[in-house]
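Q: Shown below is the structure under consideration.
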Amino acid sequence: MMRTRPLKVALLGCGVVGSEVARIMTTHADDLTARIGAPVELAGVAVRRPSKVREGIDPALITTDATALLKRGDIDVVVEVIGGIEPARTLITTAFENGASVVSANKALLAQDGAALHAAAERHGLDLYYEAAVAGAIPLVRPMRESLAGDKINRVMGIVNGTTNFILDKMDSTGAGYQEALDEATALGYAEADPTADVEGYDAAAKAAILAGIAFHTRVRLDDVYREGMTEVSASDFASAKRMGCTIKLLAILERAADGESVTARVHPAMIPLTHPLASVREAYNAVFVEAEAAGRLMFYGPGAGGSPTASAVLGDLVAVCRNKLAEATGPGESAYTQLPVSPMGEVVTRYHISLDVADKPGVLAQVATTFAEHGVSIDTVRQQGRPDGAGSEASLVVVTHRAPDAALTGTVEALRKLDTVRGVASIMRVEGE
Ligand code: HSE
Numbered sequence: 011m012m013r014t015r016p017l018k019v020a021l022l023g024c025g026v027v028g029s030e031v032a033r034i035m036t037t038h039a040d041d042l043t044a045r046i047g048a049p050v051e052l053a054g055v056a057v058r059r060p061s062k063v064r065e066g067i068d069p070a071l072i073t074t075d076a077t078a079l080l081k082r083g084d085i086d087v088v089v090e091v092i093g094g095i096e097p098a099r100t101l102i103t104t105a106f107e108n109g110a111s112v113v114s115a116n117k118a119l120l121a122q123d124g125a126a127l128h129a130a131a132e133r134h135g136l137d138l139y140y141e142a143a144v145a146g147a148i149p150l151v152r153p154m155r156e157s158l159a160g161d162k163i164n165r166v167m168g169i170v171n172g173t174t175n176f177i178l179d180k181m182d183s184t185g186a187g188y189q190e191a192l193d194e195a196t197a198l199g200y201a202e203a204d205p206t207a208d209v210e211g212y213d214a215a216a217k218a219a220i221l222a223g224i225a226f227h228t229r230v231r232l233d234d235v236y237r238e239g240m241t242e243v244s245a246s247d248f249a250s251a252k253r254m255g256c257t258i259k260l261l262a263i264l265e266r267a268a269d270g271e272s273v274t275a276r277v278h279p280a281m282i283p284l285t286h287p288l289a290s291v292r293e294a295y296n297a298v299f300v301e302a303e304a305a306g307r308l309m310f311y312g313p314g315a316g317g318s319p320t321a322s323a324v325l326g327d328l329v330a331v332c333r334n335k336l337a338e339a340t341g342p343g344e345s346a347y348t349q350l351p352v353s354p355m356g357e358v359v360t361r362y363h364i365s366l367d368v369a370d371k372p373g374v375l376a377q378v379a380t381t382f383a384e385h386g387v388s389i390d391t392v393r394q395q396g397r398p399d400g401a402g403s404e405a406s407l408v409v410v411t412h413r414a415p416d417a418a419l420t421g422t423v424e425a426l427r428k429l430d431t432v433r434g435v436a437s438i439m440r441v442e443g444e
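So this is what it looks like as structure tokens:
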């Protein structure tokens, strides 16, 4: 039977995502009512700038006092789309203390304080849902938390940042350098004025922490995620990648160790073969490749950012949380029972593409090969090219290794840098997805 008292929703933040959430709640009100089993009503919208004109939102709902909105006693669900750590953390805690379940799109907060927020939700018998925090519109958090709850995820590899994928895709398709591609991304609105969070991999690392926790049923915080940005990726790296039948992507890679006793979580640029499904993810799209024991390989693909796609994920959570409220139940909370530790980057085992500038004279190749061997890193292929500008005195040497621990590669590179014949290490890139 349809309940007539509406479920009341407080919206915290009314920017690109929040305004779209409010719009869809209004335009799709009848469908949402039918799907939830009760009407759902926007009871208040907390904003920083009340004077801004917000089309389609009753001005009487706008307030600058988010805390008072949460404490008024009749709010069933809070939608937090403010972002950042504070005041979002305090407001979500206040929401739980006042009996409201929470839908959040806040990856930074969940990656940093997810455990405490989950604990607060559980203490109060409420929900914390956050599909929109990772990869925008792509259903990923709930498929991993619910659909794959009976399976065992061993590996997750994804493109979870649209800005950097746009830049890398431009570099790949046009031969542009990093700065030129970034300028185009900025002009087209794909990159923010300060692109640091995206290009240095912080945004992807927060998403990686959230996904790793869900995938492996353990706690992974932002600080546990190894992170390298993509600002050093050059046009010549792309040329090398092409020669190997690869492209370059900024990847979040989460793995269960072979012995099952630990996990690793990392974000860095990597070469992947053009035949890998992630290689065909173009422009600002996101995609996540999940390898599960029983299910096999799954790929989730779609728009990872933007007001409307992110609002779609928020609304999906809102419907689920409202249904739970009506059923006087809660959805899945944090699952961290495995307590698997997160191993340091040095223990990650993968392949490497190393580009060296070396003296072009007898014995250099042998010296370089010996250095790899001394550190237990096996070479797969070597390509040497004399440099026209070096008048025969300098050459470019590209070494691709077999799989080796990251610590062994780091040791190798340190030793290579000390060789008189090695003039410089032009680039080091991991090779994934083979
Ligand atoms: N800036 C992010 C991206 C979107 O480029 O994917 C929000 O996480």
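Take the sequence shown: its letter number 266 is residue 276 in my numbering, and every next letter is one higher. Even glycine gets a Cβ: it sits at the ideal position worked out from N, Cα and C. The model shown is predicted, which means the values in this text are computed figures rather than measured ones.
Return the CA-CA distance between E265 and I389, expressed in angstroms with no decimal places.
A: If I take the Cα positions, the gap works out to 24 Å.
Q: When you compare only the Cα positions, how much space is there between I67 and E156?
A: For I67 and E156, the distance between alpha carbons rounds to 34 Å.
Q: Thinking C-alpha only, which one of P205, A222, D234 and A216 is nearest M240?
A: Of the listed residues, the one whose Cα sits closest to M240 is P205.
Q: Enumerate in chain order the residues of its own chain whose CB-to-CB distance from M181 is below 6 Å, with the five nearest sequence positions on each side excluded.
A: If we look at M181 and ignore the five residues flanking it on each side, its Cβ neighbours are A191 and F248.
Q: Rounded to a whole number of angstroms, what is the C-alpha to C-alpha distance between L42 and M355?
A: C-alpha separation (whole angstroms): 45 Å.
Q: As a quick exercise: from L52, K259 and D327, pick the residue whose alpha carbon is nearest that of N171.
A: Ranking L52, K259 and D327 by Cα distance to N171 puts K259 first.
Q: Can you say whether L198 is buried or exposed, counting buried as having 16 or more other CB atoms within 10 angstroms of its CB?
A: Per the 10 Å Cβ criterion, exposed.
Q: What would DSSP say about P415, mapped onto helix, strand or coil?
A: Note: P415 maps to strand in three-state DSSP.
Q: Considering only DSSP beta bridges, list what H278 is partnered with.
A: DSSP lists L261 as partners of H278.
Q: Counting Cβ pairs, one atom from each stretch, are 3 or more of them under 8 Å apart for the segment 144-152 and the segment 315-332?
A: Segments in contact, yes.
Q: Given a cut-off of 8 Å on the beta-carbon distance, is the pair V368 and L328 in contact?
A: It is not a contact, given that the beta carbons lie outside the stated cut-off.
Q: Give the C-beta separation of N175 and V291 to the nearest angstrom, bearing in mind that I take them to be a contact with Cβ-Cβ under 8 Å.
A: The pair is a contact, with the Cβ atoms about 6 Å apart (cut-off 8 Å).
Q: I believe A214 touches V277 by the beta-carbon criterion, under 8 Å. Please report the beta-carbon distance rounded to the nearest angstrom.
A: At roughly 5 Å, the Cβ-Cβ gap stays under 8 Å, so A214 and V277 are in contact.
Q: Throw me the rounded Cβ distance for the A20 and L79 pair, which I believe falls under 8 Å.
A: A20 to L79, Cβ: 5 Å. Contact.
Q: Closer than 7 Å: is that where the CB of T241 sits relative to any heavy atom of ligand 1?
A: Result no, Cβ not under 7 Å from ligand 1.
Q: Have a look at the DSSP bridge pairing and note the partners of S437.
A: S365, per the DSSP bridge assignment.
Q: Using 8 Å for Cβ pairs, my map puts D416 next to V358. What's the rounded Cβ distance?
A: Yes, D416 and V358 are in contact; Cβ-Cβ is about 5 Å, under 8 Å.
Q: Alpha carbons only, please: which of I46, I72 and K62 is nearest the one belonging to V55?
A: Looking at the Cα atoms, I72 is the closest of the given residues.
Q: Pull up the DSSP beta-bridge partners for E90, would you.
A: The partner list for E90 (beta bridge, DSSP) reads L22 and S114.
Q: Tell me whether G172, by its Cβ, gets closer than 7 Å to a heavy atom of ligand 1.
A: Flag set: Cβ of G172 near ligand 1.
Q: Taking the alpha-carbon of K81 as reference, which of I263, T348, A110 and P279 has the nearest alpha-carbon?
A: Looking at the Cα atoms, A110 is the closest of the given residues.
Q: Considering Cα atoms alone, identify which of G343, N108, L419 and I282 is closest to G522.
A: Residue coverage of the chain in this structure runs from 11 to 444, which leaves residue 522 outside it and unanswerable.
Q: Quick one: grab the DSSP three-state call for Y295.
A: It is a strand residue.
Q: State buried or exposed for L284, treating a residue as buried only when at least 16 other CB atoms are found within 10 Å of its CB.
A: By the neighbour-count rule (16 or more Cβ atoms within 10 Å), L284 is not buried but exposed.
Q: Would you say the beta carbon of K62 is closer than 7 Å to some non-hydrogen atom of ligand 1?
A: Not under cutoff, so the answer is no.
Q: What's the C-alpha gap between I163 and D40?
A: In a straight line, the C-alpha of I163 is about 38 Å away from that of D40.
Q: Do you know offhand how far V435's Cα is from L261's?
A: Cα to Cα, the separation comes out at about 22 Å.
Q: Any heavy atom of ligand 1 closer than 7 Å to the CB of G94?
A: Checking the Cβ of G94 against ligand 1 gives no.
Q: In the segment 21-77, which residue ranges form an unbroken beta strand (DSSP E) of at least 3 residues, counting only runs that do not cross its ends?
A: Whole beta strand (DSSP E) segments, 3+ residues: 50-56.
Q: Note down, one range per segment and in chain order, each alpha helix (DSSP H) of at least 4 residues found wholly within the segment 175-243.
A: You should have 188-197, 206-209 and 212-226.
Q: Please report the distance separating the alpha-carbon of H363 from that of R307.
A: Rounded to whole angstroms, H363 to R307 spans 26 Å at the Cα level.
Q: Who does G306 pair with in a DSSP beta bridge?
A: According to DSSP, G306 bridges with A302.
Q: How do the segment 328-347 and the segment 374-386 stand: do at least 3 beta-carbon pairs fall below 8 Å, yes or no?
A: Because the criterion of three Cβ pairs below 8 Å is not met, the segment 328-347 and the segment 374-386 do not touch.
Q: Please confirm if the segment 120-131 is in contact with the segment 337-348, defined as three or more CB-CB distances below 8 Å between the two stretches.
A: Enough Cβ pairs lie closer than 8 Å, so yes.
Q: Taking 7 Å as the line, does the beta carbon of A130 fall inside it for any heavy atom of ligand 1?
A: The answer is no for A130.
Q: Start and end of the alpha helix (DSSP H) containing R333?
A: Its alpha helix (DSSP H) spans residues G317 to L336.
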